[in-house]
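2 protein chains.
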Amino acid sequence: MALSDLRQVPRNEEGVGIVLGVLKQRFGERFQTGKSIREQHAHTTTYIPNQAPDGVVFPESSEEVQEVVKLCAGHRVPVIAYGTGTSLEGHVNAPGGGISLDTSRMNRILAVHAEDLDCIVEPGVTREALNAHLRDTGLFFPIDPGANASLGGMAATRASGTNAVRYGTMRENVLALTAVLADGSVISTGRRAKKSSAGYDLTRLMVGSEGTLGIITSLTLKLFGIPQAISGGVCPFPSIEKACEAVIATIQMGIPVARIELVNEVQMRAMKIYSKLDYPESPCLFVEFHGSDSGVAEQAEMFGEIAADYGGGPFQWTKVAEERAKLWKARHDAYWSALTLRPGAKSLSTDTCVPISRLAECIAETQADIDAMGLIAPIVGHVGDGNFHVVLLIDPASPSEIEQMEKFVARLNMRAIGMDGTCTGEHGIGQGKMGFLEHEVGHSVEVMRAIKATLDPNGILNPGKIF
Amino acid sequence: MALSDLRQVPRNEEGVGIVLGVLKQRFGERFQTGKSIREQHAHTTTYIPNQAPDGVVFPESSEEVQEVVKLCAGHRVPVIAYGTGTSLEGHVNAPGGGISLDTSRMNRILAVHAEDLDCIVEPGVTREALNAHLRDTGLFFPIDPGANASLGGMAATRASGTNAVRYGTMRENVLALTAVLADGSVISTGRRAKKSSAGYDLTRLMVGSEGTLGIITSLTLKLFGIPQAISGGVCPFPSIEKACEAVIATIQMGIPVARIELVNEVQMRAMKIYSKLDYPESPCLFVEFHGSDSGVAEQAEMFGEIAADYGGGPFQWTKVAEERAKLWKARHDAYWSALTLRPGAKSLSTDTCVPISRLAECIAETQADIDAMGLIAPIVGHVGDGNFHVVLLIDPASPSEIEQMEKFVARLNMRAIGMDGTCTGEHGIGQGKMGFLEHEVGHSVEVMRAIKATLDPNGILNPGKIF
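Residue numbers (this note's numbering), protein chains in the order written: chain X, 11 to 477; chain D, 11 to 477.
Here it is, written out as structure tokens:
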């Protein structure tokens, strides 16, 4: 299948008409139907076509979310939850029209329980807003996808980022949540105990369900103490393979690395220019260690020795916050620096994840594929987990480049699945990867469909996504 | 509700008769109907009545599990998965009769991927058998419930143990699994990638579903490197409250403690005699640290300072394996030593879990409750997670003690739920805690029921459990 074979979702014109009228009446300025705002609330981040909703509503409470869902359920009109619109696989598109439910006004931090290392937030709180709020407590929330995404959206897409190798993903860090279901009822999936074996794990069922089973209205999240000390640095390697081998050795040695990021030579070229980094134009690992003063020094020394065993180095590391911040700013700006490699191009960032023993092989085959296509496509990866991204720079006006890219992504996904990995480590399925899920999990898709049909029999929650 | 109000499940005599005949024919000696073996395959570990199945089958492959399930599905006969029978809440009882599916012959370790820190096992492999098999690889599987349980059973009940504060529970450590569903079809919930955002998290839906949604036929588990160094020891405290405060401070400081176990003074008295430990008869914390040589020494020193701040100490710790082994053997034997406090008594081990800020209060109220009852009931806990157990020693022939105990457990569960905790941190709901689930998660129980009805419309998989 081609990525752009989006699933059709029939429109319900009559229902939409009624719902638009009621929402206008009820929400006033908090309901918008202008073309520009509607298009902003559909997919904008890649070449996947923009499929705008019929209107955008800005609820401010769980009760208002219930009201909107009940109204839409009554008239069989789709409801698409919207956080910051930074997803990459078409998650917020409205292929059958309907209402975009923008959670940005549900941005209260409801509680911080510092003693218990948890907090309760509304879904529209962004990860940066939460960490700014936490600053004085000595705590932080570690999950950091590239964008300053909303925590509701991050939970809905099972997001992760550079810290996942140490702190896990949204799967491990959402303790419980509340959600409005397709019939307008509300569930609370658990309480604040750090662990529980009380019944089915509905928290994890909702995390990663991409708004298709319910709309998250609050989240109980784990927090962590800001480490006493942090060390980090950059280490060049003669090849991607050697860098990957050093990663495997580091993980196997049990060194509790907090971040270990691969940047290939094309991406390093971009970062040297864009972020003014002074490193060789070769594959590099960006690493960071969290712990006690002596612990992080010890870990950095051990990593340096491992790197040298694989021909890497010199490993330049520091405990100085400003110097580390510059490195990680450059890493987080990888997307923007990559764009400078082909001015005017549109980027498609796609991700896969494989067992780390297959990582070097998977990246090497992918690199050969990129070279054969003649496209510019830097590679960056959260390699401690075997997860990597390819950022394809293409001319959005060129059908042949889009076709090339679609075929490339299909090969990449099937390559990862063939290596016992997944077609998406952290971006989700959305519309873009629907064609690959069944290859990955087979009959499980039927079970997913059955659960969807049970919890949302009329298919009003984010239709046309995942399967 | 009283714990002993078990849910009735109607018997299907005709179906059972047919199934018994077919299984005898098909499985020969691997199908047993003797009274003693049937009773061994029902609940035996607490005072909950033994409800025996009609027969016990010992399949040796996923295909044979499918065969049994299809046969039973065709005749609407219950199938109850059985690991080692060490669950504590009546999980393996057969209230409506049916077939116990004993997985003990599915005990092969199918693959160990040392480079990827994962392995694939059949459900009947026990945790000790896996660790014995792994010994030469330098890896281990950390989850350690009190019993030498089967890994399939541990996944099905979302088990954990003393290491959970550092390594997580079965929730975090099952990467993927295969399971036979109620219609005899097989699902594979994922591959070996460390993280994935591909569709609904069916792995986590099956983990903790207590055999009611499917029968696990293989598990892909995370493994960890055996730490380079381990330090550990015992620290007495003047009171439970002070011990809990030290735990909170330790967790908040971000000291990566691997185990932190509370043992109250009654339990210490038992352990001193049974396990010949030479410590004061006061509340104690058993702690352990995993890491590098200098790291574990540093962590032990830091913990000792925190303990002293809360009036605890002296903290006697060691890096010598034999000395540590004696301590942890004593901790793991807590159940047996507790039994010596009242010879001839039957024990009921019940567990709850609360946010750690409420732990001291919850344990203090529970201790006062025990004192008021006049029963002997030691308390031990995985307190880094806020999880603790009360081991009630009762006379099984005394209806008044059983009634007292049931009321006590009900108060304990409701106290934990009232403190934003759970009625079970690691034992599961089974039959024993069915009356409390709805108090804890409210409307979510309806969602669980709906999922159950979809995946097992005839209710043949472990009926009469959870809800």
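Ideal placement from N, C-alpha and C gives every residue a C-beta, glycine not left out.
Keep in mind the model is a prediction, meaning the values are calculated, not measured.
Q | Within 9 Å of chain D by C-beta, residues of the segment 418-432 of chain X in sequence order | A | 426, 427, 429, 430, 431 and 432
(Q) Within the continuous alpha helix (DSSP H) that includes residue 226 of chain D, where are the two ends? (A) Your numbering for residue 226 of chain D matches position 216 in the second sequence. Counting along the chain, residue 226 of chain D falls outside any alpha helix (DSSP H), though it belongs to the beta strand (DSSP E) covering 225-232.
Q: Kindly indicate which residue of D:277, D:208 and D:302 has the alpha-carbon position closest to the one of residue 290 of chain D.
A: Here residue 290 of chain D refers to the residue found at position 280 when the second sequence is read from its first residue. Minimum Cα distance to residue 290 of chain D is reached at D:277.
Q. What number of angstroms, rounded off, separates the C-alpha of residue 493 of chain X from the C-alpha of residue 347 of chain X?
A. Beyond the ends of chain X as shown, which are 11 and 477, falls residue 493 of chain X; an answer cannot be given.
**Q.** Spatial distance of residue 329 of chain X from residue 337 of chain X (CA atoms)
**A.** Your numbering for residue 329 of chain X matches position 319 in the first sequence. Your numbering for residue 337 of chain X matches position 327 in the first sequence. Straight-line Cα distance between these residues: approximately 12 Å.
(Q) Just to confirm my understanding: we take residue 249 of chain D, look at its own chain, exclude 5 residues before and 5 after, and list those with CB closer than 7 Å. What are they? (A) Counted from its first residue, the second sequence places residue 249 of chain D at position 239. Result list for residue 249 of chain D: 293, in chain order.
Q) Going along chain D in order, which residues have a C-beta closer than 9 Å to the C-beta of residue 399 of chain X? A) Taking the first residue of the first sequence as 1, we reach residue 399 of chain X at position 389. None at all; the shortest Cβ gap to chain D is about 13 Å.
Q) Alpha carbon to alpha carbon, what distance is there between residue 317 of chain X and residue 141 of chain D? A) Against the second sequence, residue 141 of chain D aligns to sequence position 131. Against the first sequence, residue 317 of chain X aligns to sequence position 307. Approximately 30 Å between the Cα atoms of the pair.
Q: Quick one: measure Cβ to Cβ for residue 137 of chain D and residue 164 of chain D, integer angstroms, because I've assumed they're closer than 8 Å.
A: By one-based count along the second sequence, residue 137 of chain D stands at place 127. By one-based count along the second sequence, residue 164 of chain D stands at place 154. Right, the Cβ-Cβ distance comes to about 7 Å (below 8 Å), so this counts as a contact.
Q: Could you check the C-alpha separation between residue 265 of chain X and residue 127 of chain D for me, to the nearest Å?
A: To locate residue 265 of chain X, count along the first sequence from 1; it is residue 255. To locate residue 127 of chain D, count along the second sequence from 1; it is residue 117. The alpha-carbon atoms of residue 265 of chain X and residue 127 of chain D are separated by roughly 13 Å.
Q) What runs of the beta strand (DSSP E), each 3 residues or longer, lie entirely inside the segment 50-136 of chain D? A) With a minimum length of 3 residues, the continuous beta strand (DSSP E) runs that stay inside the segment 50-136 of chain D are 65-67, 89-92, 109-112, 119-123 and 128-131.
Q. What are the residues of the segment 108-131 of chain X that lie near chain D, defined by any Cβ-Cβ distance shorter than 9 Å?
A. 123, 124, 125, 126, 127 and 128
**Q.** Own chain, CB closer than 6 Å to residue 254 of chain D, minus 5 neighbours either side, in chain order
**A.** For the purposes of this step, residue 254 of chain D is identified with residue 244 of the second sequence, where counting begins at 1. Same-chain partners within the cutoff: 369 and 370.
Q | Closest by C-alpha distance to residue 244 of chain D, when choosing among D:181, D:302 and D:313 | A | Here residue 244 of chain D refers to the residue found at position 234 of the second sequence. Ranking D:181, D:302 and D:313 by Cα distance to residue 244 of chain D puts D:313 first.
Q | the segment 229-245 of chain X: positions lying closer than 9 Å to chain D by Cβ | A | 234, 235, 236, 237 and 238
Q. Helix, strand or coil: which one does DSSP assign to residue 313 of chain X?
A. For the purposes of this step, residue 313 of chain X is taken as the residue at position 303 of the first sequence. For residue 313 of chain X, the secondary structure class from DSSP, reduced to helix, strand or coil, is helix.
Q: Round the Cβ separation of residue 229 of chain X and residue 162 of chain X to the nearest angstrom and send it over; I've been treating them as touching at under 8 Å.
A: One-based indexing of the first sequence puts residue 229 of chain X at position 219. One-based indexing of the first sequence puts residue 162 of chain X at position 152. With a Cβ gap of about 7 Å, residue 229 of chain X and residue 162 of chain X count as contacting.
Q) Got a sec: is the Cβ-Cβ distance from residue 367 of chain D to anything in chain X below 8 Å? A) For the purposes of this step, residue 367 of chain D is taken as the residue at position 357 of the second sequence. Taking Cβ atoms only, chain X reaches closer than 8 Å to residue 367 of chain D, which makes this a yes.
(Q) With three or more C-beta pairs closer than 8 Å as the rule, is the segment 203-214 of chain X touching the segment 428-446 of chain D? (A) Contact holds: three or more Cβ-Cβ distances are below 8 Å.
**Q.** Interface flag, residue 46 of chain X vs chain D, CB-CB below 8 Å
**A.** The residue given as residue 46 of chain X occupies position 36 in the first sequence. Chain D, which has no Cβ nearer than 8 Å to the Cβ of residue 46 of chain X, makes this no.
Q) When the distance is taken between beta carbons, is residue 349 of chain D closer than 8 Å to residue 211 of chain X? A) Start at 1 with the first residue of the first sequence, and residue 211 of chain X comes out as number 201. Start at 1 with the first residue of the second sequence, and residue 349 of chain D comes out as number 339. No, Cβ-Cβ distance for residue 211 of chain X and residue 349 of chain D is not below 8 Å.
(Q) Can you confirm whether residue 212 of chain D, when its beta carbon is compared against all beta carbons of chain X, has any partner nearer than 8 Å? (A) The count along the second sequence starts at 1 and reaches residue 212 of chain D at position 202. So, interface residue.
Q) Relative to the C-alpha of residue 148 of chain D, which residue among X:420, X:191, X:262 and X:236 is closest? A) On the second sequence, position 138 is the one that residue 148 of chain D refers to. Of X:420, X:191, X:262 and X:236, the residue nearest in Cα terms is X:262.
Q) In this structure, does DSSP put residue 356 of chain D in helix, strand or coil? A) Within the second sequence, the letter at position 346 stands for residue 356 of chain D. Residue state, collapsed to three classes: strand.
Q: Confirm, please, whether the CB-CB distance from residue 322 of chain D to residue 309 of chain D is below 8 Å.
A: Start at 1 with the first residue of the second sequence, and residue 309 of chain D comes out as number 299. Start at 1 with the first residue of the second sequence, and residue 322 of chain D comes out as number 312. Cβ atoms of residue 309 of chain D and residue 322 of chain D: not closer than 8 Å.
Q. Taking three-plus beta-carbon pairs below 8 Å as touching, is the segment 359-367 of chain D in contact with the segment 187-203 of chain X?
A. yes
Q) Using the beta-carbon of each residue, which ones in chain X are nearer than 7 Å to residue 256 of chain D? A) Your numbering for residue 256 of chain D matches position 246 in the second sequence. Within chain X, no residue comes near residue 256 of chain D; the closest Cβ sits about 13 Å away, beyond 7 Å.
Q: Using beta-carbon positions only, say whether residue 222 of chain X and residue 472 of chain X come within less than 8 Å of one another.
A: Counting from 1 along the first sequence, the entry for residue 222 of chain X is found at position 212. Counting from 1 along the first sequence, the entry for residue 472 of chain X is found at position 462. Contact: yes.
Q: Can you tell me which of X:382, X:388, X:447 and X:417 puts its alpha carbon nearest to the alpha carbon of residue 431 of chain X?
A: Taking the first sequence and counting its residues from 1, the one referred to as residue 431 of chain X is at position 421. The candidate whose alpha carbon is nearest that of residue 431 of chain X is X:447.
Q | DSSP-derived helix/strand/coil call for residue 11 of chain X | A | In the first sequence, the residue the question calls residue 11 of chain X occupies position 1. Caution applies to residue 11 of chain X, whose pLDDT of 45 falls short of 50 and renders its modelled position unreliable; the value that the coordinates give is listed next. Correct three-state label for residue 11 of chain X: coil.
Q: Verify the CB distance criterion: does residue 323 of chain X have a CB-CB separation below 8 Å to chain D?
A: Position 313 of the first sequence, counted from the first residue, corresponds to residue 323 of chain X. Not one chain D Cβ lies under 8 Å of residue 323 of chain X.
(Q) For the segment 433-450 of chain D, list every residue whose C-beta sits within 7 Å of some C-beta in chain X, in sequence order. (A) 433, 434, 435, 436, 437, 438, 439, 447 and 450
Q | Supposed contact pair residue 403 of chain X and residue 380 of chain X - C-beta distance, whole angstroms, cut 8 Å | A | Sequence index remark: in the first sequence, residue 380 of chain X carries index 370 (1-based). Sequence index remark: in the first sequence, residue 403 of chain X carries index 393 (1-based). Residue 380 of chain X to residue 403 of chain X, Cβ: 11 Å. No contact.
**Q.** Exposure of residue 27 of chain D, with buried meaning 16 or more beta-carbon neighbours within 10 Å
**A.** Translated into positions along the second sequence, residue 27 of chain D becomes position 17. Exposed, since its Cβ has fewer than 16 Cβ neighbours within 10 Å.
Q: Output yes if chain X places a C-beta closer than 8 Å to the C-beta of residue 161 of chain D; else output no.
A: Along the second sequence, read from residue 1 onward, the residue named residue 161 of chain D stands at position 151. No, no contact with chain X.
Q: Spatial neighbours of residue 36 of chain X within its chain, please: CB distance less than 6 Å, with the 5 preceding and 5 following residues excluded, ordered by chain position.
A: As a first step, residue 36 of chain X is located in the first sequence; it is residue number 26 there, counting from the start. Closer than 6 Å at the Cβ level, and outside the excluded window around residue 36 of chain X, lies no residue.
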